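Down below is the structure, laid out as structure tokens.
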Amino acid sequence: MKTESLNEKRLFRAIVIAGLLYHNFPSKPASDVAKILSSFYREVEIVFYPSFTFISMAQAIWRWLSREISIIVKILKNQKKIKLIVIHQMIAVCSCFVGKLIGAKVIVYVGGSIYDCLRQKRPAKVIAIASVILWNIQLKLADKILVPSGCLVNLSRLTVYKHKIRVAPTRIIKTQNFKEINRDIENRKSGNIIGYIGRFESEKGVEFLPEIINHTHKAKKVSNLEWILIGDGTLRQRVEDDIKKLGLWKIVKVTGWVNNPETYLTRMKLLLLPSKSEGLPNVVLEAMGCGTPVLATPVGAIPDIVKDGETGFLLKSNDPKHIADRIIELLNRPELLEKVSINAYNYVR
Numbered sequence: 030m031k032t033e034s035l036n037e038k039r040l041f042r043a044i045v046i047a048g049l050l051y052h053n054f055p056s057k058p059a060s061d062v063a064k065i066l067s068s069f070y071r072e073v074e075i076v077f078y079p080s081f082t083f084i085s086m087a088q089a090i091w092r093w094l095s096r097e098i099s100i101i102v103k104i105l106k107n108q109k110k111i112k113l114i115v116i117h118q119m120i121a122v123c124s125c126f127v128g129k130l131i132g133a134k135v136i137v138y139v140g141g142s143i144y145d146c147l148r149q150k151r152p153a154k155v156i157a158i159a160s161v162i163l164w165n166i167q168l169k170l171a172d173k174i175l176v177p178s179g180c181l182v183n184l185s186r187l188t189v190y191k192h193k194i195r196v197a198p199t200r201i202i203k204t205q206n207f208k209e210i211n212r213d214i215e216n217r218k219s220g221n222i223i224g225y226i227g228r229f230e231s232e233k234g235v236e237f238l239p240e241i242i243n244h245t246h247k248a249k250k251v252s253n254l255e256w257i258l259i260g261d262g263t264l265r266q267r268v269e270d271d272i273k274k275l276g277l278w279k280i281v282k283v284t285g286w287v288n289n290p291e292t293y294l295t296r297m298k299l300l301l302l303p304s305k306s307e308g309l310p311n312v313v314l315e316a317m318g319c320g321t322p323v324l325a326t327p328v329g330a331i332p333d334i335v336k337d338g339e340t341g342f343l344l345k346s347n348d349p350k351h352i353a354d355r356i357i358e359l360l361n362r363p364e365l366l367e368k369v370s371i372n373a374y375n376y377v378r
């Protein structure tokens with residue numbers, strides 16, 4: 030059996046097919062995959078699918094087909110050079126099939142459950158059925174399936190593909206951005222800032238944020254309480270409107286996406302993630318790298334990283350009253366926050 034040395038591999042190309050997180054905001058985990066592959070392949074190209082959030086079903090299908098055709102053309106033009114195709118949390122079954130035809134290895138990265146995603150987004154029935162069928166065809170064609178955590182094998186209904194699954198976290202945390210001072214909870218004592226970083230979509234539980242903020246504000250058990258909400262999505266306007274209706278706009282800042290999340294994370298006493306479904310959010314590791322305790326629902330691979338009371342805190346549910354009570358409790362226990370801050374920081378170092 031012929032094997033390729035590292036030097037031989039560096040003569041070839043790899044393509045990473047991924048989705049845009051939101052409009053023109055790229056998927057950071059996909060970029061991390063590309064950085065890892067660049068150590069082995071001469072050229073690594075990321076091809077991003079556009080966001081289909083705000084368009085009709087017909088337009089979404091047309092854009093998907095158009096992008097697939099453009100990727101297939103790219104693959105065929107470079108078929109002698111391309112040795113690897115990585116499909117990162119996308120349905121790109123046509124590209125996958127053509128990649129197999131030219132003899133390239135195909136790896137599919139699964140960061141979460143497509144079934145949970147469809148359950149939250151509730152697309153038209155025909156789209157949901159087609160998505161599941163195409164997704165499973167893609168998994169059958171793949172040479173390997175990567176997951177960031179072993180728990181996702183069952184959660185994502187991947188047990189039938191166990192023979193080709195590899196657990197391989199693909200997160201790169203730039204620890205040089207996270208200075209030693211970030212682990213010192215003293216730097217956050219000037220205020221009580223709670224943060225959220227992520228997409229403003231239903232699966233992230235963002236519709237609960239205004240009510241959570243309202244409960245914590247009305248309780249009046251924490252002084253100097255502020256909120257920073259970072260991200261964008263279809264529910265952003267609804268969240269902002271609800272915050273204004275509740276008269277909370279003076280204590281809440283909604284920023285949209287930012288390029289330097291660590292500068293915000295270092296100001297937060299807690300990072301809140303009230304998600305309904307997840308894979309392994311990169312922001313959890315980034316927060317831990319900043320020494321920022323994470324308060325999250327125990328979904329996806331989060332419990333693998335966030336150990337309640339040790340490296341973070343887990344919620345029992347995403348009920349707004351429960352979350353508000355937990356936030357108030359933790360903000361009034363600075364010694365516990367300090368312990369978890371140090372543990373979380375050391376965990377990702």
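Quick note on our numbering: the sequence shown kicks off at 30 and runs consecutively. Every residue, glycine too, gets a C-beta built ideally from N, C-alpha and C. Keep in mind it's a predicted model, so treat the numbers as computed, not measured.
query, result
"Histidine 117, enclosing beta strand (DSSP E) - first and last residue", "111 to 117"
"Environment of lysine 345 [buried if 16+ CB atoms lie within 10 Å]", "exposed"
"Straight-line Cα distance separating methionine 86 from arginine 92", "10 Å"
"Residue environment, valine 323, which counts as buried when at least 16 other CB atoms sit within 10 Å", "buried"
"Per-residue DSSP class, three states only, for lysine 336", "coil"
"Glutamate 74 - partner residues in DSSP beta bridges", "Ile44"
"Helix, strand or coil at isoleucine 195 [DSSP, three-state]", "Before going further, note that residue 195 is arginine rather than isoleucine in the sequence given. Here arginine 195 sits in strand by DSSP."
"Start-to-end residues for the beta strand (DSSP E) that takes in glutamate 255", "254 to 259"
"Touch test, the stretch 236 to 249 against the stretch 351 to 359, Cβ-Cβ under 8 Å, three pairs minimum", "yes"
"Option in Val335, Lys350, Glu240 and Arg186 with minimal Cα separation from alanine 382", "Any answer about residue 382 is impossible in this case: the structure gives the chain only from 30 up to 378."
"Coarse secondary structure for phenylalanine 342, derived from DSSP in three states", "strand"
"Cβ pair serine 67, valine 76 closer than 8 Å", "no"
"Run of the beta strand (DSSP E) containing threonine 321, from where it starts to where it stops", "Per DSSP, threonine 321 belongs to no beta strand (DSSP E) and is neither H nor E."
"Status (buried if at least 16 other CB within 10 Å, exposed otherwise) for isoleucine 162", "exposed"
"Proximity of valine 122 and isoleucine 136 at Cβ, strictly below 8 Å", "no"
"Cα-Cα separation, isoleucine 143 to cysteine 180", "15 Å"
"Element boundaries [beta strand (DSSP E), containing leucine 301]", "299 to 302"
"Nearest-angstrom Cα separation, counted from asparagine 361 out to aspartate 213", "With a pLDDT of 44 at aspartate 213, under the threshold of 50, the modelled position of this residue cannot be trusted, and the question is left open."
"Rounded separation between isoleucine 210 and lysine 233 - CA only", "Its pLDDT being 44, under 50, isoleucine 210 is placed unreliably by the model, and nothing is read from it."
"Rounded straight-line distance, which links the Cα of alanine 63 to that of lysine 106", "21 Å"
"Lysine 103 - DSSP class collapsed to helix/strand/coil", "helix"
"Inter-residue spacing [alpha-carbon to alpha-carbon] between leucine 175 and leucine 147", "21 Å"
"Cβ pair valine 369, glycine 318 closer than 8 Å", "no"
"Simplified DSSP assignment, three categories, for lysine 134", "strand"
"Rounded C-alpha distance that separates isoleucine 166 from asparagine 243", "46 Å"
"Rounded separation between lysine 112 and glycine 308 - CA only", "28 Å"
"Pairwise C-alpha distance: isoleucine 259 and lysine 109", "43 Å"
"Coil, strand or helix - glycine 128 by DSSP", "helix"
"Collapsed DSSP secondary structure at asparagine 311 in the structure displayed", "helix"
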